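Novice: With the working numbering applied, the sequence shown covers 90 to 453. In this text, a Cβ means the ideal position worked out from N, Cα and C, and glycines have one as well. These numbers were taken from a predicted model, which means no experiment stands behind them. Attaching a single structure in structure tokens format; questions to follow.
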Amino acid sequence: MVLKENNTIWINDICKNAIIEGNELRKKALQNPSDKSVRKYEEQRKLTNKTLRREKHLHEKKKIGEIEINRYNAKKLYEIGRKTEIDIETPKYEEIKNLIRKLKNNKDPRENSIVEELLKKGATVLVSKTRLKLIKTIWKTETIPEEWKIEIACPIFKKGNSNKTENYRGISLLDTYFKQAYDSVDREELWKALAILGIPKKYVNLIKTCYGKTLCRVRYLQGISDPLEVKSGLKQGDALSPALFNFALEKIIRDINDDRRMEISNEQVMLAYADDIMVMGETKEEVINSTFELMNASKGMGLHVYEEKIKYMFFLRRPPNIDSIQVANYKFGKVDNFKYLGVNINYKNDMHIEINDRISSRNR
Numbered sequence: 090m091v092l093k094e095n096n097t098i099w100i101n102d103i104c105k106n107a108i109i110e111g112n113e114l115r116k117k118a119l120q121n122p123s124d125k126s127v128r129k130y131e132e133q134r135k136l137t138n139k140t141l142r143r144e145k146h147l148h149e150k151k152k153i154g155e156i157e158i159n160r161y162n163a164k165k166l167y168e169i170g171r172k173t174e175i176d177i178e179t180p181k182y183e184e185i186k187n188l189i190r191k192l193k194n195n196k197d198p199r200e201n202s203i204v205e206e207l208l209k210k211g212a213t214v215l216v217s218k219t220r221l222k223l224i225k226t227i228w229k230t231e232t233i234p235e236e237w238k239i240e241i242a243c244p245i246f247k248k249g250n251s252n253k254t255e256n257y258r259g260i261s262l263l264d265t266y267f268k269q270a271y272d273s274v275d276r277e278e279l280w281k282a283l284a285i286l287g288i289p290k291k292y293v294n295l296i297k298t299c300y301g302k303t304l305c306r307v308r309y310l311q312g313i314s315d316p317l318e319v320k321s322g323l324k325q326g327d328a329l330s331p332a333l334f335n336f337a338l339e340k341i342i343r344d345i346n347d348d349r350r351m352e353i354s355n356e357q358v359m360l361a362y363a364d365d366i367m368v369m370g371e372t373k374e375e376v377i378n379s380t381f382e383l384m385n386a387s388k389g390m391g392l393h394v395y396e397e398k399i400k401y402m403f404f405l406r407r408p409p410n411i412d413s414i415q416v417a418n419y420k421f422g423k424v425d426n427f428k429y430l431g432v433n434i435n436y437k438n439d440m441h442i443e444i445n446d447r448i449s450s451r452n453r
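As structure tokens, this is what we get:
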């Protein structure tokens, strides 16, 4: 007997033992299909189904009792409805080996100087019983070796005054409308967001473990600094960081009422894809209000808008002569066109500009 993964949180040890016993008798009946073995299997199958129905009924009865007791306690009632008891399997041998082989080449090594290419070449040997046991121990205890918590940051000069630290960036910093986005994410708020967005508790705990007491050493030219503790932000160059940043932005968008809805009439519109966010409205006031809500929601996650990068544009044949609009203490400059998700958008809604851009790009 094989159970589907959906809606099986009521499965307990009694159910598992009954299923295992039934499967064993089924194997014996297939290997030696005598009347006695087949009869034993049929009897066990009926008993297993009866056990599953009974345990499911008891689980549902218990939940109904909890709901009845807490029907006047809105917070507790909500927690009961949101509670997940997903039993996530330990990573398997083939799964770990395939993940190692998918690592990207030409990445800066960690403090142990081991590059991804070496890990990929030795994937089969690395995922030996010893390594697999280590990963299973990490999965079970939700702790990682202290050496894994040390990161190496390689600052890269962008532009401007080379003596100012803000003109350098980490090797994987996103080009975003939020100022120092990866470095500014509030971790505690992010953990709360992951739970609200329905990420299983096991995954959240493992992510928190990877970010617990994170140490960073800065490598510049031929030197390397002493370890520094990092208490906020996401790891630069980490494969999980883009996904975590997307979760942070998803929570921000959900915190404001627009929530990426496309309402054509008498409603503000907010389009969001990863860190590219575009706010639209029928009037200047609508755009200002939506942007103000976005900025406030972002502050809770530790993110602040990048004033120099945010621009606004009127979709009018005769746009008003306004050089900038002000939202709170920020001033955003006016433009006649900009690119959103790689597409050129202009105030005349003229697609010929985008077509010419694509032709020029193709001919390069």
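1) Strictly by DSSP, which residues pair up with I423?
2) In the structure shown, what three-state DSSP assignment does G111 receive?
3) Considering only C-alpha positions, which residue in the set K117, S387 and S330 is nearest to R343?
4) Count the CB pairs spanning the region 369-379 and the region 319-335 that are closer than 8 Å, and state whether there are at least three.
5) Beta-carbon separation of K222 and T303 under 7 Å?
6) I believe I345 touches E382 by the beta-carbon criterion, under 8 Å. Please report the beta-carbon distance rounded to the nearest angstrom.
7) Quick one: what's got a C-beta closer than 8 Å to R142's C-beta in the same chain, skipping five residues either side?
8) Can you list, in chain order, the residues of its chain with a C-beta nearer than 6 Å to that of L279? Leave out the 5 residues immediately preceding and following it.
9) Output the residue ranges of the beta strand (DSSP E) runs that lie fully inside the region 300-330 and measure 3 residues or longer, sorted by chain position.
10) From the DSSP output, which residues share a beta bridge with L360?
11) Buried or exposed for A417, please, with buried defined as at least 16 other CB atoms from any protein chain shown within 10 angstroms of its CB.
12) Quick check on A107: buried or exposed, where buried means 16 or more other Cβ atoms within 10 Å of its Cβ?
13) Rounded to whole angstroms, how far is the Cβ of I189 from the Cβ of L208, which I believe are closer than 8 Å?
14) Distance, Cα to Cα, K145 vs K281?
15) With a threshold of 7 Å on Cβ separation, who are the neighbours of E397 within its own chain once the five nearest residues in sequence on each side are excluded?
16) Report the start-end ranges of each alpha helix (DSSP H) in the region 268-301 that is 4 residues or longer and not cut off at the edges.
17) Just to confirm, is the Cβ distance from K290 to I177 under 7 Å?
18) Note down, in chain order, each residue of its chain lying with its Cβ closer than 7 Å to the Cβ of I224, except the 5 sequence neighbours on either side.
19) Just the Cα atoms here: how many angstroms apart are V368 and T230?
20) Taking S217 as part of the alpha helix (DSSP H), name the residues at either end of that continuous run.
21) Within a Cβ cutoff of 7 Å, which residues of the same chain sit near P408, ignoring the five residues on either side of it in sequence?
22) According to DSSP, is V204 part of a helix, a strand, or is it coil?
23) Kindly indicate which residue of I245, D272 and D365 has the alpha-carbon position closest to the one of L430.
24) Since M390 contacts K340 with CB under 8 Å, what's their CB separation in whole angstroms?
25) Along the chain, where does the alpha helix (DSSP H) containing V127 start, and where does it finish?
26) How should E352 be labelled, buried or exposed, when 16 other C-beta atoms within 10 angstroms of its C-beta is the threshold for buried?
27) Ends of the beta strand (DSSP E) at E443?
28) Between which two residues does the beta strand (DSSP E) carrying A417 extend?
29) Using only the alpha-carbon positions, how far apart do V214 and V424 sit?
30) Can you look up E240 in the DSSP assignment and give me helix, strand or coil?
31) For L323, collect the residues of the same chain with a Cβ closer than 7 Å to its Cβ; drop the 5 residues on either side in sequence, then sort them by chain order.
Specialist: On the basis of the supplied data:
1) The question names Ile, but residue 423 in the sequence shown is Lys. Residue pairing by DSSP places K423 opposite Y401 in a beta bridge.
2) Of the three classes helix, strand and coil, the one that applies to G111 here is helix, per DSSP.
3) S387
4) no
5) no
6) 4 Å
7) none
8) A337
9) 303-309 and 317-319
10) M367
11) By the 10 Å Cβ count, A417 comes out exposed.
12) buried
13) 6 Å
14) Roughly 31 Å between the two C-alpha positions.
15) none
16) 270-273, 276-285 and 290-300
17) no
18) Only P180 and I185 meet the Cβ criterion.
19) 44 Å
20) It is not in any alpha helix (DSSP H) - S217 carries neither H nor E in the DSSP assignment.
21) Y436
22) coil
23) D365
24) Correct: roughly 7 Å between the Cβ atoms.
25) D124 to I158
26) Since pLDDT at E352 reaches only 46, below the 50 mark, its modelled position is unreliable, and the value read off the structure follows with that caveat. Exposed.
27) Run containing E443: none in the beta strand (DSSP E); it sits in the alpha helix (DSSP H), M440 to N452.
28) Run containing A417: none; DSSP gives neither H nor E here.
29) 56 Å
30) strand
31) Y271, V274, S330, L333 and F334
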